Amino acid sequence: MIVAAGLDESFKVPHPMLHEFLRDQAPMIGGVFALGVLVCFLQYGFLPGADRTFPVAGIMVPIWHLLWLGFWTGYTLGIVGEASGIFALPYMMTILNFNGISVSPTSLVVTFLNPFGALLGFRRGKQWNLDLALWLCVGAVFGAPIGPFIRVYLLNDPVPFKAIIGIALLIMSIHLCMQVTPWYLRRTVRQRAFKEKFDRLVKECVAAGKAPCGLPPDFKIATIERSLKRIKIAYWGEEQSFSTVGMLAIGFFVAIAASTLGVGGGFVLVPILVSFYGLPLYVLVAATIPYVITLSATGLIAYTITMPMLTGNYTPADWSFGLFVASGAILGAWLASKTQKFIPERYLKPMLGTITGAVALLYIINYFWPLPFKV
Amino acid sequence: MTDLRRIVLQFMPYLPFIILALAVVVAAHHIKVYW
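Protein sequences, first through last, are from chains A and B.
Mapping to this note's numbering: the first sequence position 138 is 138, numbers consecutive.
Mapping to this note's numbering: the second sequence position 14 is 14, numbers consecutive.
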């Protein structure tokens, strides 16, 4: 009886999720897509697609496929707390056959735009702390300009480049599979405590007839101490401190690796923050989202401005291609952030881990012993 | 309305698996048509 009354009541007010979608997400998705169309006409003078080649990418692919690519990578990686780059990049290379160096800056266009939808949501939900993100981002600003040089001079051939992506995918695969092992769950005391509190609150909300809401309305990530030596934050009864030098170093080295490949860096940053610092997923997004945006922007500037100015070697991004993928990715990431609490991680993570691991092995094996089929 | 909501909530856990399966189908189709 109580449940029924609660449900009726929640439907009398305009649905908050629909409201949020129309206010924040729809204009962004539509805007990015429209920008993609505009860039096509300004840059190429026509709309590429299934029957006309994307001039920079050099491939023919229907636009709906790019939206779909963005959507599914944004969604599946959003569920495990990362940006779409690390899945979108192998898909663009192996399935869509986009094998030029331009695939890296194009992928950075996607990882730059992808987190903005989630950013608005997390900022409103107070899952936000710029002090925590600051030193990682400073590291990214110094590290990301180095990657493009490695990509253009040392890794310009697709086969060794794919082998390196294979290693990145392998890291991610191991981390995904490891997360559900009892050994890992025992080790991560802080995350478990957080999850128990979270689950209890979800149950209470459902019992009260409201939509499941894992975080309390007064949730926030507060800075307790901020100095040049360390940052101390507090969230939901937990306190944790970080050394600024450590954060700077992590940000720097992850940024070199990520901008070389053309991904957002979540594939190593998330495992580091989860395993070594023990941050729960709902808190670490406060650091990773600004980080991915900073890294992608710096990397893009390096690919399109710094590199050509210093070396005369121009590797443009296919802007319209990236914008189409990004508009799908924003929708996917938003949907992921809203449905994450319903997804059984115990099955999803090992499954994603297996798929990622299989692709990783194909790429790595192909480097040493060329496979009879194309990867 | 309540029934619809319950159906949607029950369907949610399978969403990532459906999306992944669709991705595989679309990828296979693309390879067949364009390669």
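All residues carry an ideal CB built from backbone N, CA and C; glycine is no exception.
Here the structure is a predicted model, which means the values were calculated and not measured.
Item, Value
"Collapsed DSSP secondary structure at PHE122(A) in the structure displayed", "helix"
"Chain B contact for GLU9(A) (CB, 9 angstroms cutoff)", "Any reading at GLU9(A) is ruled out, since the residue's pLDDT is 48, under 50, leaving its predicted position unreliable."
"Given LEU25(B) as reference, the closest of ILE59(A), TRP72(A), THR53(A) and GLY312(A) once Cα atoms are compared", "Reading off the sequence, residue 25(B) comes out as Val, not Leu. Measuring from the Cα of VAL25(B), the nearest candidate turns out to be TRP72(A)."
"ALA234(A) - partner residues in DSSP beta bridges", "ALA222(A) and GLU239(A)"
"Within 9 angstroms, strictly: CB atoms of ILE330(A) and ILE29(A)", "yes"
"Assigned exposure category for MET247(A) - 16 Cβ within 10 Å defines buried", "buried"
"Alpha-carbon to alpha-carbon, LYS126(A) and GLY6(A)", "In this predicted model, GLY6(A) has a pLDDT of only 46, less than 50, meaning its place in the structure is not dependable; the value taken from the coordinates is given anyway. Going by the C-alpha atoms only, they are around 26 angstroms apart."
"Any C-beta of chain B under 9 angstroms from that of VAL61(A)", "yes"
"Pairwise C-alpha distance: GLY266(A) and ILE305(A)", "24 angstroms"
"Continuous alpha helix (DSSP H) stretch holding VAL25(B): start and end", "15-34"
"Neighbour-count burial assignment, LEU134(A), 16 or more Cβ in a 10 Å radius", "buried"
"Selection of the segment 7-27 of chain B by Cβ proximity to chain A, strictly under 8 angstroms", "LEU9, MET12, PRO13, LEU15, PRO16, PHE17, ILE19, LEU20, LEU22, ALA23, VAL26 and ALA27"
"Anticipated Cβ contact below 8 angstroms, ILE165(A) with LEU66(A), distance rounded", "No, ILE165(A) and LEU66(A) are not in contact; Cβ-Cβ is about 20 angstroms, not under 8 angstroms."
"Distance CB(TYR34(B))-CB(VAL325(A)) smaller than 9 angstroms", "no"
"Min CB distance TRP72(A) to chain B below 9 angstroms", "yes"
"Residue interval of the alpha helix (DSSP H) (run including THR53(A))", "No alpha helix (DSSP H) holds THR53(A); DSSP gives it neither H nor E."
"Start-to-end residues for the alpha helix (DSSP H) that takes in GLY322(A)", "319-339"
"Where the alpha helix (DSSP H) through LEU169(A) begins and ends", "158-178"
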